[in-house]
Amino acid sequence: MTNSNTPLVVVGIDGSESSAHAARWAAKIALRENIPLKLLHSVSLPSFAAASGVLFDGDFIWSIEEEGKQLVEELGAKLAEAHPGLSVEAEVRPGGSVAALVEASRSARMVVLGSTGKTAFTGMLVGSTAVAVSHRAHCPVAVVRGQVEAAQAGPVVVGIDGSKASDLAVALAFEEASWRGAELLAVHAWMESFSDSGGVYAYPLLIDWASIETKERALLSEQLAGWREKYPDVPVRTEVTRDRPNHALLERAASAQLLVVGSRGHGEFVSTVLGSTAQAMIYHAPCPVVIAREQ
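Numbering-wise, our numbering puts 238 at position 238 of the sequence shown, and it's gapless, one number per residue.
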């Protein structure tokens, strides 16, 4: 068992192939960082139990805990065999998956989740879990989507919008690109409103698009300032496009090996559960997504 101060890569395990796939992806991160991999399975009673007052005896609760323990231990053994030198921990916690993962994130380098779950309600349940964890986690959260092996030669794509959350995404994206020996593609997408600050409609033909694009390019350059010097081994390509951020990032993620975004974009309310762009990437990105968060 590791010291409580030792950082971990934590993976949420639910018995699905998707979560096992996420664990295999996370194992490479743990090996790279030379830190343990923790496989975390949460055990909670069926939702109807609390609503209906149904009581379960101790044997039933013990059996589902043992089933979860067997699940993570067997997967852990396979990962340890496949990756000599990898330290793997297996843990079963009572309670809901979101609470368990958020608590585990306090000592984690990264929390990793699969993109689909074991139940028939897969997409929405796993997506909503990822959104909730990404909003509350104390470290970056990765959602392993798409065919990871098929895009190993692609770039690391990072979404940039000038926000503080975007600063965190840039830092993480450069680190990942350096380790992977990959190109970094920094994308800044913007959509200009056709009304002024007073709500007066402005005709698109009267808007100085060239001036606006110059300003947006300056924003991108400012956010990348210093990072090229810190990571001289990382080739950097930049794109400024007049497009919706969700569309622009999803389009470029089609050929990416990793997509990195901030947890909340410029101008979004602090009270929102998670930024709209981050949510869209969790549900729809064709490659693994990392939501950058401050540790």
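Note that beta-carbon positions come from the ideal geometry of N, C-alpha and C, so glycine has one too. Nothing here was measured: the structure is a model prediction, and the numbers come from that model.
Note down, in chain order, each residue of its chain lying with its Cβ closer than 6 Å to the Cβ of Ala130, except the 5 sequence neighbours on either side.
Correct list, in chain order: Leu113, Val143 and Ile282.
Under the three-state DSSP convention, the category Pro245 falls into
Judged by DSSP in its simplified three-state form, Pro245 adopts helix.
Is the beta carbon of Gly181 less than 7 Å from the beta carbon of Leu101?
Not in contact: Gly181 and Leu101 (Cβ atoms no closer than 7 Å).
So, are the CB atoms of Ser105 and Gly262 less than 7 Å apart?
No. Outside cutoff.
Look at the Cβ atom of Leu31, then the Cβ atom of Val10, and state whether they are nearer than 7 Å.
Leu31 places its beta carbon 7 Å or farther from that of Val10.
Looking at Val234 and Arg177, is the spacing between their C-beta atoms short of 7 Å?
In the sequence as presented, Arg is not what sits at residue 177; that position holds Ala. For the 7 Å CB-CB criterion, Ala177 and Val234 form a contact.
I believe Gly15 touches Leu71 by the beta-carbon criterion, under 8 Å. Please report the beta-carbon distance rounded to the nearest angstrom.
Gly15 to Leu71, Cβ: 5 Å. Contact.
Check whether the stretch 221–236 and the stretch 183–191 are in contact - that is, three or more C-beta pairs closer than 8 Å.
These segments touch.
Between which two residues does the alpha helix (DSSP H) containing Ile282 stretch?
Its alpha helix (DSSP H) spans residues Ser276 to His284.
Give the DSSP-derived three-state secondary structure of Leu184 in the structure shown.
In this structure, Leu184 counts as strand in the three-state DSSP scheme.
Comparing C-alpha positions only, which one of Ile207, Lys69, His135 and Thr241 sits nearest to Arg217?
That would be Thr241, whose Cα lies nearest to the Cα of Arg217.
Leaving out five residues on either side along the sequence, give the residues of the same chain with a beta carbon under 7 Å from the beta carbon of Ala300.
The structure shown does not extend to residue 300, since the chain spans only 1 to 295, so no value can be given for it.
In the structure shown, what three-state DSSP assignment does Leu125 receive?
Residue placement at Leu125 is poorly supported in this model, since its pLDDT is 49, which falls under 50; the coordinates are not used for a value here.
Have a look at Ser19 and Ser115 and give me their C-alpha separation to the nearest angstrom.
Rounded to whole angstroms, Ser19 and Ser115 show a C-alpha spacing of 8 Å.
Please work out which residues of its chain come closer than 6 Å, Cβ to Cβ, to Asp243, disregarding the five sequence neighbours upstream and downstream, and give them in chain order.
Within the same chain, Asp243 has close Cβ partners Ala189.
If we ignore side chains and look at the alpha-carbon of each, how far apart do Ile212 and Glu33 end up?
The alpha-carbon of Ile212 is positioned some 41 Å away from that of Glu33.
Give me whichever residues DSSP pairs with Thr116 in a beta bridge.
Answer is none; Thr116 lacks a bridge partner.
Report yes if the C-beta distance between Thr214 and Pro245 is below 7 Å; otherwise report no.
Using a Cβ distance threshold of 7 Å, Thr214 and Pro245 do not count as a contacting pair.
When DSSP labels each residue in this structure, what does Ile291 get in the three-state scheme?
In the structure shown, Ile291 adopts extended strand secondary structure according to DSSP, grouped into three states.
Alpha carbon to alpha carbon, how far is Ala292 from His21?
When rounded, the separation of the alpha-carbon atoms in Ala292 and His21 is 21 Å.
Compare the Cα-Cα distances from Pro36 to each of Val98, Ala108 and Ser44 and report the closest residue.
The residue with the shortest Cα to Cα distance from Pro36 is Ala108.
Excluding the 5 residues preceding and the 5 following Glu65 in the sequence, name in chain order all residues of the same chain whose CB lies nearer than 7 Å to its CB.
Counting only Cβ-Cβ distances below 7 Å, and skipping sequence neighbours, we find Val43 and Val92.
Run the CB neighbour count on Arg145, radius 10 Å, all protein chains shown included, and call it buried at 16 or more, exposed below.
Classification of Arg145: buried, given that the 10 Å Cβ count is 16 or more.
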